[in-house]
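*Asks:* Under the working numbering, the letters of the sequence shown match residues 1010 to 1336, in that order.
All residues carry an ideal CB built from backbone N, CA and C; glycine is no exception.
Have a look at this one before I ask anything.
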Amino acid sequence: MKLGMYGLGRMGGNMAVRLARHGHEVVLLNRTRAVSEKIHAEAPKSSVVGDLEELVASLPSPKIIWVMLPSGDVTEKAIETLGNMLSKGDIVIDGGNTCYKDDVRRAKILHAKGIHYVDVGTSGGVWGLERGYCMMYGGNQEAVDHIDPILESLAPGVGDIAPTAGRGPNLNPRAEKGYLHCGPAGSGHFVKMVHNGIEYGMMQAYAEGFDIMRMKGSDRLPEDQRFDLNMADIAEVWRRGSVIPSWLLDLCADALAKDGDLAQFQGDVADTGEGRWTIEAAIEEAVPAPVITAALFTRFRSRSGNTYAEKMLSAMRFGFGGHVEKK
């Protein structure tokens, strides 16, 4: 299939390359043309354009444009502009970290013009080029059926993960390949939002656990109760046969193997919005979410003085998403 990819940052660029490797024709647009040219050199069957007008003109109907820009005003303006340039039957995909309420609003506006809107919650970080991207998406059935070959190419596929016992024919087989149509517009980003809220809680639990173990050697404790524990070895042994393995633990082990003190990290932990939106949804639904809430508030606190736990959080964020601390 032929599509446009607007926004070639850490994830957008890798997604374009993965699609091209799977035989899709990708038209590349980025604010900085040099970035587009770099991706073009890595992506077979790709081409580069200089602006949205050229991007739209280069695509066959129905036109498919995947927007992979930071959430907020830049995405809002891009989709508004595309809504005035595209025609009935065309498809706009937002794969960034948009608040699902914005998706619902945008979908209504574009629907009135006959334009389809699909929101894709995308997980995979900087590793997605090789591993594939877990995707949760929302939109009408006609649109998501049309772009299914694109989504399947981006997804990780079944791989070597053992099937879940008891899954019957009434369950969506795409979920086993790593991508899922969750419902109408907004539902994809809603599910991804909750995914990220859970991620906050899991990361915080790992970070606190390692901090507790590291402080077991403190001179504030009785001498016979002090342990000099090796963080890298503990992370490694937990990866093998324990009940708490995960990719996040793999990232902890990677970071600790390089430097047990995590000296390259300050521990100023940012948040990109999804944790806040998850808590807002919990409040609206009267659902208790103490773990996710505490994890978000700890990120706030980390920006005014850090502990080893916050450095561990920064190490994990750098590992899965290439997130660099703001100095």
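DSSP has L1012 in a bridge; who is on the other side?
*Replies:* In DSSP, L1012 forms a bridge with V1035.
*Asks:* Less than 8 Å between the beta carbons of G1195 and V1113, yes or no?
*Replies:* Against a cut-off of 8 Å, the Cβ pair of V1113 and G1195 comes out as a contact.
*Asks:* Can you tell me which of E1217, G1016 and H1031 puts its alpha carbon nearest to the alpha carbon of L1037?
*Replies:* The residue with the shortest Cα to Cα distance from L1037 is G1016.
*Asks:* Around the Cβ of V1203, are there at least 16 other Cβ atoms within 10 angstroms (buried) or fewer (exposed)?
*Replies:* Per the 10 Å Cβ criterion, buried.
*Asks:* Measuring alpha carbon to alpha carbon, tell me which residue in E1089, T1307, S1311 and R1223 is nearest G1210.
*Replies:* Here the closest residue by C-alpha is T1307.
*Asks:* So I1156 packs on V1200, CB below 8 Å; how close in whole Å?
*Replies:* At roughly 18 Å, the Cβ-Cβ gap does not stay under 8 Å, so I1156 and V1200 are not in contact.
*Asks:* Looking at the secondary structure, which residues open and close the beta strand (DSSP E) in which M1144 lies?
*Replies:* Taken as a continuous stretch (DSSP letters only), the beta strand (DSSP E) holding M1144 covers C1143 to G1147.
*Asks:* From M1094 to K1122, what distance separates their C-alpha atoms?
*Replies:* M1094 and K1122: Cα-Cα distance of roughly 11 Å.
*Asks:* Measure the Cβ-Cβ separation of M1024 and L1160 and say whether it is below 8 Å.
*Replies:* Against a cut-off of 8 Å, the Cβ pair of L1160 and M1024 comes out as no contact.
*Asks:* Are G1197 and M1145 closer than 8 Å when you measure CB to CB?
*Replies:* Yes, they are a contact pair.
*Asks:* If you draw a straight line from the alpha carbon of I1124 to that of R1115, how long is it in whole angstroms?
*Replies:* Each residue's Cα considered, the two are about 10 Å apart.
*Asks:* From the DSSP output, in three-state form, read off I1218 for me.
*Replies:* Here residue 1218 is Gly; the residue named in the question, Ile, does not match the sequence. Of the three classes helix, strand and coil, the one that applies to G1218 here is helix, per DSSP.
*Asks:* What runs of the alpha helix (DSSP H), each 4 residues or longer, lie entirely inside the stretch 1150 to 1184?
*Replies:* The qualifying runs are 1150 to 1155 and 1157 to 1163.
*Asks:* Counting only runs of 4+ residues fully inside the stretch 1068 to 1099, write out the alpha helix (DSSP H) ranges in chain order.
*Replies:* Runs found: 1082 to 1092.
*Asks:* What would DSSP say about D1111, mapped onto helix, strand or coil?
*Replies:* Of the three classes helix, strand and coil, the one that applies to D1111 here is helix, per DSSP.
*Asks:* I'd like the span of the beta strand (DSSP E) that includes T1281, first residue to last.
*Replies:* From DSSP, T1281 is part of no beta strand (DSSP E); its letter is neither H nor E.
*Asks:* Do the CB positions of D1263 and G1328 come within less than 8 Å of each other?
*Replies:* In this structure, G1328 lies closer than 8 Å to D1263 by Cβ.
*Asks:* For my contact list, L1271 and K1320 are in at a C-beta cut-off of 8 Å; report their separation, rounded to the angstrom.
*Replies:* Between K1320 and L1271 the Cβ distance is about 4 Å, and since that is below 8 Å, they are a contact.
*Asks:* Check whether the stretch 1070 to 1077 touches the stretch 1095 to 1104, counting contact only when three or more Cβ pairs, one atom from each stretch, lie closer than 8 Å.
*Replies:* Yes, since at least three Cβ pairs between the stretch 1070 to 1077 and the stretch 1095 to 1104 fall closer than 8 Å, the two stretches touch.
*Asks:* To which residues of the same chain is N1181 closer than 8 Å at the C-beta, ignoring the five residues directly before and after it?
*Replies:* These residues qualify, in order along the chain: L1189 and H1190.
*Asks:* Which of helix, strand or coil does DSSP assign to L1322?
*Replies:* Helix.
*Asks:* Short check: CB of T1107 to CB of S1080, under 8 Å?
*Replies:* It is a contact, given that the beta carbons lie within the stated cut-off.
*Asks:* Whose C-beta lies closer than 8 Å to the C-beta of G1330 among residues of the same chain, with five residues either side of it excluded?
*Replies:* Here the set comprises R1019, G1134 and V1135.
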